[in-house]
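2 protein chains.
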Amino acid sequence: MSRRMKIDISIILQKATELVDEQGLDQLSIGLLAEKLEIRPPSLYNHLDGLNELKQKLAIQGVNKLNEYMLQAAVGRSGDDAVRAISQAYIQFVREHPGLYDASTRFPDTNDQELQQAQEAVVQLVLQVLDAYNLQEEIAIHMVRGLRSILHGFTSIEQMGGFGMPLDINKSFLILINTFIEGIHAVMINEDKHMQRND
Amino acid sequence: MSRRMKIDISIILQKATELVDEQGLDQLSIGLLAEKLEIRPPSLYNHLDGLNELKQKLAIQGVNKLNEYMLQAAVGRSGDDAVRAISQAYIQFVREHPGLYDASTRFPDTNDQELQQAQEAVVQLVLQVLDAYNLQEEIAIHMVRGLRSILHGFTSIEQMGGFGMPLDINKSFLILINTFIEGIHAVMINEDKHMQRND
DNA sequence: TTGCGAAAACTAATCATATTAGTTAAAATA
DNA sequence: TATTTTAACTAATATGATTAGTTTTCGCAA
Chain A
1 MSRRMKIDIS
11 IILQKATELV
21 DEQGLDQLSI
31 GLLAEKLEIR
41 PPSLYNHLDG
51 LNELKQKLAI
61 QGVNKLNEYM
71 LQAAVGRSGD
81 DAVRAISQAY
91 IQFVREHPGL
101 YDASTRFPDT
111 NDQELQQAQE
121 AVVQLVLQVL
131 DAYNLQEEIA
141 IHMVRGLRSI
151 LHGFTSIEQM
161 GGFGMPLDIN
171 KSFLILINTF
181 IEGIHAVMIN
191 EDKHMQRND
Chain B
1001 MSRRMKIDIS
1011 IILQKATELV
1021 DEQGLDQLSI
1031 GLLAEKLEIR
1041 PPSLYNHLDG
1051 LNELKQKLAI
1061 QGVNKLNEYM
1071 LQAAVGRSGD
1081 DAVRAISQAY
1091 IQFVREHPGL
1101 YDASTRFPDT
1111 NDQELQQAQE
1121 AVVQLVLQVL
1131 DAYNLQEEIA
1141 IHMVRGLRSI
1151 LHGFTSIEQM
1161 GGFGMPLDIN
1171 KSFLILINTF
1181 IEGIHAVMIN
1191 EDKHMQRND
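Protein chains in written order, with this note's numbering: chain A, 1 to 199; chain B, 1001 to 1199.
So, in structure tokens, the structure goes:
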């Protein structure tokens, strides 16, 4: 068992994921990770280029996994229902993988191809969900940004224990999402009015 | 000039603030800060207990300053207008003091009395602004959480360069705030309906 | 004015981490 | 079996925070 665990990059990523989800991203260090893998710190450099590359890989994994969660949730739903479902999936992912999520939002090199691609996939998924509202294309993109802000903001604050008051956090989340959805409907109506004027 | 700048904690905080706002919170180190103050790193320990305490102080300063910005913006306004104004103040603060804002959201010891007090002040301000909507008290608190999520989420993503597409970010922000406001109005109407049913 | 005591600087040393260099053992393959 | 590659190792270096112990500076009281 001692020298036969055939460590490769995927095992490293797996252990690193466990580590950050259990102890927080800040606790991730070459030393601690090596210890968990029962090898010496320098040995990790045979598999990756350093702590930053590792974090970058975690970031990519995080975005991809988030996308999977949301995709699953969106299947077979549409409209308001779909928006609620992907939102629920988002918060669920962050709660189950706080470290991975943190990695995907805190450090990442935004220029990284693979990361950009993963993020783009999420954007496309949300755009597809919002398609049901028949928004002008530009407005739709603004709404994607809006929903993303809401989801990232809410989950971040929850993770850092930022909601002080003793009031049901899940309820806050539901209300927030519903308020946003109501808002979209209102914006749709306004758009329609403009359309009528313009025609 | 050389040895006569009488460094005290407020000068240190001031320089640290400049440093994090210009170079990012991650660049804050005892060494670099000491250099800027033209003293040796260990000398800083005559004034504070270490890097963590410094970050905590920055966090408190950040929340207090954010509160000032929002307070200023809220003066003389009410309703939708006030919501837009404090939102605008929030994003302005984050843009002008990205490092300070980061400090106030990333590391802080949430148990710190002074920090809690500062955060509570912001919450109270927003509650006051939302007073115009005559929401049920509990709903009002949910809405405070919602607005905070929106503001924190949007600004965080903007700061990390997360909005990829070439589409006006300010417009996205305006639309998001307006969508939320519209949502509140819709929720109000629903609440009224419930009231009528219950009477 | 002088000299004491506190404040605040300093140097030197320690500790924790990441990282690099160079070496060796094990396993895969020809 | 011999060779090549992979992946471990030890040893050393660099950077940063921090601590210990010392010295300098400066305001103030005798």
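C-beta: ideal position from N, C-alpha, C; glycine also. Please read all numbers here as calculations on a predicted model, not as lab measurements.
Looking at C-alpha atoms only, which residue of the options is the closest neighbour of residue i?
i               : options                               : result
residue 148(A)  : 161(A), 23(A) and 125(A)              : 125(A)
residue 74(A)   : 127(A), 104(A) and 62(A)              : 127(A)
residue 92(A)   : 81(A), 170(A), 60(A) and 186(A)       : 170(A)
residue 1046(B) : 1030(B), 1061(B) and 1114(B)          : 1030(B)
residue 139(A)  : 168(A), 183(A) and 167(A)             : 183(A)
residue 185(A)  : 122(A), 65(A) and 130(A)              : 130(A)
residue 190(A)  : 54(A), 14(A), 134(A) and 173(A)       : 134(A)
residue 104(A)  : 65(A), 51(A) and 172(A)               : 65(A)
residue 1037(B) : 1079(B), 1120(B) and 1006(B)          : 1006(B)
residue 25(A)   : 101(A), 82(A) and 150(A)              : 101(A)
residue 154(A)  : 187(A), 94(A), 137(A) and 167(A)      : 94(A)
residue 1011(B) : 1110(B), 1048(B), 1080(B) and 1042(B) : 1048(B)
Strictly under 8 angstroms for the Cβ-Cβ distance: is residue i near chain A by that measure?
i               : result
residue 1024(B) : no
residue 1063(B) : no
residue 1152(B) : yes
residue 1104(B) : no
residue 1157(B) : yes
residue 1036(B) : no
residue 1171(B) : yes
residue 1187(B) : yes
residue 1018(B) : no
residue 1050(B) : no
residue 1161(B) : yes
residue 1011(B) : no
residue 1149(B) : yes
Would you mind reading off the limits of the alpha helix (DSSP H) that contains residue i?
i               : result
residue 25(A)   : That residue, residue 25(A), is in no alpha helix (DSSP H); it is neither H nor E in DSSP.
residue 1149(B) : 1137 to 1159
residue 52(A)   : 51 to 74
residue 40(A)   : Segment: none, residue 40(A) is in no alpha helix (DSSP H) and carries neither H nor E.
residue 1109(B) : It is not in any alpha helix (DSSP H) - residue 1109(B) carries neither H nor E in the DSSP assignment.
8 angstroms is my cut-off, CB to CB: does residue i come that close to chain B?
i              : result
residue 83(A)  : no
residue 96(A)  : no
residue 167(A) : yes
residue 70(A)  : no
residue 93(A)  : no
residue 73(A)  : no
residue 33(A)  : no
residue 140(A) : no
residue 4(A)   : Here residue 4(A) scores only 41 on pLDDT, less than 50, and its place in the model is too uncertain to base an answer on.
residue 130(A) : no
residue 1(A)   : Because residue 1(A) sits at a pLDDT of 31, beneath the cut-off of 50, its placement in the model cannot be relied upon, and the following sentence gives the value as read from the coordinates. Closer than 8 angstroms: no.
residue 176(A) : yes
residue 146(A) : yes
residue 182(A) : yes
Rounded to the nearest angstrom, how far is the Cβ of residue i from that of residue j, given a contact under 8 angstroms?
i               : j               : result
residue 1163(B) : residue 145(A)  : 6 angstroms
residue 175(A)  : residue 1097(B) : Their Cβ separation, rounded to whole angstroms, is 30 angstroms, which puts residue 175(A) and residue 1097(B) out of contact at 8 angstroms.
residue 1132(B) : residue 1067(B) : Actually they are not in contact, since the Cβ atoms of residue 1132(B) and residue 1067(B) sit about 19 angstroms apart, beyond 8 angstroms.
residue 56(A)   : residue 8(A)    : That belief does not hold up - the Cβ atoms of residue 56(A) and residue 8(A) are roughly 18 angstroms apart, past 8 angstroms.
### Task
Entirely within the stretch 1160 to 1189 of chain B and at least 4 residues each: give me those alpha helix (DSSP H) ranges in chain order.
none
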